[in-house]
Structure formats: structure tokens, C-alpha cells
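Here is the structure we will look at.
Okay, structure coming up:
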């Protein structure tokens with residue numbers, strides 16, 4: 007069988023990476039907007055928000071959930087650690103460009119309107135990305151049994167309005183507002199979601215993370231050269247990313 011041209015192989019790789027890029031699987035609250043959501047239940051004794059480790063790699067890759075979220079090997083984390091510990095200042099500067107961040111994900115029904123009348127079917131269910139402050143506000147509501155309690159309850163729960171003002175690092179503020187108690191939408195009222203299972207669906211494998219970090223660091227395929235494109239990144243040589 008004839009070997010595919012490099013250009014064709016790279017096109018296929020690009021499509022694979024687009025499919026693995028995580029931003030399309032996550033819903034971010036846009037600047038100066040308010041989004042109404044219903045957090046879906048994860049079971050009586052299971053946490054309904056999942057803390058994850060995420061890398062933002064920009065470009066076509068965007069955000070990637072790290073397998074390290076499940077205490078599993080991640081090639082992106084390995085590359086980050088190696089660059090961070092390097093004695094080369096350029097390596098350290100490169101590591102700063104994709105420093106891992108902790109994020110909080112809640113699987114939600116998302117509404118198109120503020121009244122909760124029309125479900126955004128294209129984006130439901132989908133993971134909402136929460137800041138630590140928003141998560142704390144949600145926990146405060148959940149633990150306030152006298153006033154609010156469990157917002158994920160399919161019968162006696164309630165929707166939340168998640169607001170965001172500002173767009174910069176210093177002027178952005180987030181708000182969490184509880185709505186009156188209402189039953190969950192019928193299409194989502196009977197299922198209980200396994201958060202680990204749902205997050206794993208959008209988490210790349212170790213092999214995928216090798217391909218993703220290779221693209222980010224511009225490590226190219228070359229049939230005649232098996233040396234890594236960046237010194238110190240021995241684990242990401244060509245023989246490892248083919």
C-alpha cells in the first residue's frame with residue numbers, strides 16, 4: 007500500500023486534533039451575559055461538580071483536559087514538567103505558556119432564555135466551566151438546607167443563573183443566582199450521571215496527549231530524523247509520536 011503524502015497525513019492529524027480539542031465540549035459563560043442552567047444529578051452520595059486539570063494550548067487545539075485529572079499519565083504534563091525544570095530560560099518561558107490550571111465542571115441543561123422555557127438542545131447536556139468562586143457559591147446554596155438545598159433534585163431542585171461581567175483579568179466578575187424551585191426538564195428528570203464517566207468521554211488518552219503536545223511544540227515528522235525538535239523533550243521524539 008502506497009504511503010500517504012505528508013500533507014495528507016497532516017490534514018488527517020489536524021482533524022483528529024480538532025476532534026480531541028476540548029473547548030467544543032465545554033460551555034463558557036461569555037462576557038456580559040447571563041446563562042440559565044440546571045445542574046444534573048450525579049447520585050445521592052456523589053459530587054456533582056468535577057475538578058479537573060486543564061491545559062490551554064491556543065490555536066486549533068484550545069483547551070485540553072489532562073488525564074492527570076484522574077491521576078493518570080499525561081504527555082502534556084510530562085513536557086510541561088520537563089520544560090519547567092530545565093536550566094534553559096527559553097524552556098522555562100515556554101512552560102509558562104501552557105501552565106496547567108484547575109477547573110471545575112458541572113454537567114448542565116442549558117437554556118436559551120432567562121425564563122427557562124426553551125432548552126438549548128444543541129448544548130444540552132454540556133459541561134459548564136465554573137470558577138472556584140462560582141463553585142463556592144453553588145456549594146453555599148446546596149448546603150443551605152433551610153433556604154435552598156440540592157439544586158440537582160429532579161423534583162424539588164432549581165435552576166441557576168450564571169452571570170459574567172467584564173472580559174479582562176482584573177475586571178471580570180461572576181455571579182450565581184438561584185431561581186425558584188421547579189422540576190427538572192422531563193427529558194433529563196430520570197437519569198443520574200456518573201461524573202467520572204462523563205468527563206472521561208472528553209478526556210484524551212495518553213497517546214492522544216503525545217500527539218497534541220507534539221503539535222503545540224511544533225515537533226514535526228521527518229523520516230530521516232528521529233531527534234526531538236526541542237532539547238530535553240526526549241519522550242516526544244518522532245518515534246514516539248508516529
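In my numbering, the protein residues as written are 7 to 248. Beta carbons are placed, not taken as given, at the ideal position from N, Cα and C, and that holds for glycine.
Taking just the CA atoms, how far does residue j sit from residue i?
{"i": "residue 154", "j": "residue 79", "result": "40 angstroms"}
{"i": "residue 63", "j": "residue 173", "result": "20 angstroms"}
{"i": "residue 170", "j": "residue 110", "result": "16 angstroms"}
{"i": "residue 87", "j": "residue 39", "result": "37 angstroms"}
{"i": "residue 211", "j": "residue 58", "result": "15 angstroms"}
{"i": "residue 159", "j": "residue 143", "result": "17 angstroms"}
{"i": "residue 121", "j": "residue 106", "result": "36 angstroms"}
{"i": "residue 118", "j": "residue 219", "result": "35 angstroms"}
{"i": "residue 70", "j": "residue 175", "result": "21 angstroms"}
{"i": "residue 191", "j": "residue 51", "result": "22 angstroms"}
{"i": "residue 137", "j": "residue 108", "result": "9 angstroms"}
{"i": "residue 221", "j": "residue 31", "result": "20 angstroms"}
{"i": "residue 187", "j": "residue 35", "result": "23 angstroms"}
{"i": "residue 183", "j": "residue 128", "result": "24 angstroms"}
{"i": "residue 234", "j": "residue 205", "result": "Only weak support exists for where residue 234 lies, its pLDDT of 42 falling under 50; the value from the coordinates is given anyway. Approximately 32 angstroms, taken between the alpha carbons."}
{"i": "residue 96", "j": "residue 46", "result": "44 angstroms"}
What are the residues that DSSP puts in a beta bridge with residue i?
{"i": "residue 40", "result": "169"}
{"i": "residue 145", "result": "Per DSSP, none; premise fails for residue 145."}
{"i": "residue 60", "result": "71 and 107"}
{"i": "residue 114", "result": "45 and 132"}
{"i": "residue 32", "result": "133"}
{"i": "residue 125", "result": "117"}
{"i": "residue 198", "result": "For residue 198, which the question treats as bridged, DSSP gives no partner whatsoever."}
{"i": "residue 164", "result": "187"}
Among residues of its own chain, excluding the 5 on either side of residue i, which ones have a beta-carbon nearer than 8 angstroms to its beta-carbon?
{"i": "residue 148", "result": "154, 155, 156 and 157"}
{"i": "residue 37", "result": "170, 171, 172, 173 and 178"}
{"i": "residue 252", "result": "Lying before the first or after the last residue shown, residue 252 is absent from the chain, which here runs from 7 to 248."}
{"i": "residue 98", "result": "89, 90 and 92"}
{"i": "residue 132", "result": "31, 32, 33, 113, 114 and 116"}
Does the distance between the C-beta of residue i and the nearest non-hydrogen atom of the ligand NAD fall short of 7 angstroms?
{"i": "residue 201", "result": "The model on display carries no ligand, and the ligand NAD is accordingly not part of it."}
Which residues in the same chain have their Cβ closer than 7 angstroms to the Cβ of residue i, if we skip the five residues on either side of it in sequence?
{"i": "residue 141", "result": "55 and 110"}
{"i": "residue 101", "result": "86, 89 and 90"}
{"i": "residue 11", "result": "none"}
{"i": "residue 189", "result": "160, 161 and 195"}
Rounded to whole angstroms, how far is the Cβ of residue i from the Cβ of residue j, which I believe are closer than 8 angstroms?
{"i": "residue 41", "j": "residue 168", "result": "5 angstroms"}
{"i": "residue 113", "j": "residue 199", "result": "6 angstroms"}
{"i": "residue 134", "j": "residue 43", "result": "6 angstroms"}
The alpha helix (DSSP H) that contains residue i, what's its start and end?
{"i": "residue 204", "result": "201 to 207"}
{"i": "residue 184", "result": "Counting along the chain, residue 184 falls outside any alpha helix (DSSP H), though it belongs to the beta strand (DSSP E) covering 179 to 187."}
{"i": "residue 223", "result": "Residue 223 -> no alpha helix (DSSP H), and no H or E assigned at all."}
{"i": "residue 98", "result": "95 to 102"}
{"i": "residue 90", "result": "81 to 90"}
Kindly indicate the opening and closing residues of the beta strand (DSSP E) around residue i.
{"i": "residue 134", "result": "132 to 136"}
Going along the chain, which residues of its own chain have a beta-carbon closer than 6 angstroms to the beta-carbon of residue i, five neighbours each way excluded?
{"i": "residue 76", "result": "none"}
{"i": "residue 14", "result": "none"}
{"i": "residue 48", "result": "54, 199 and 201"}
{"i": "residue 197", "result": "none"}
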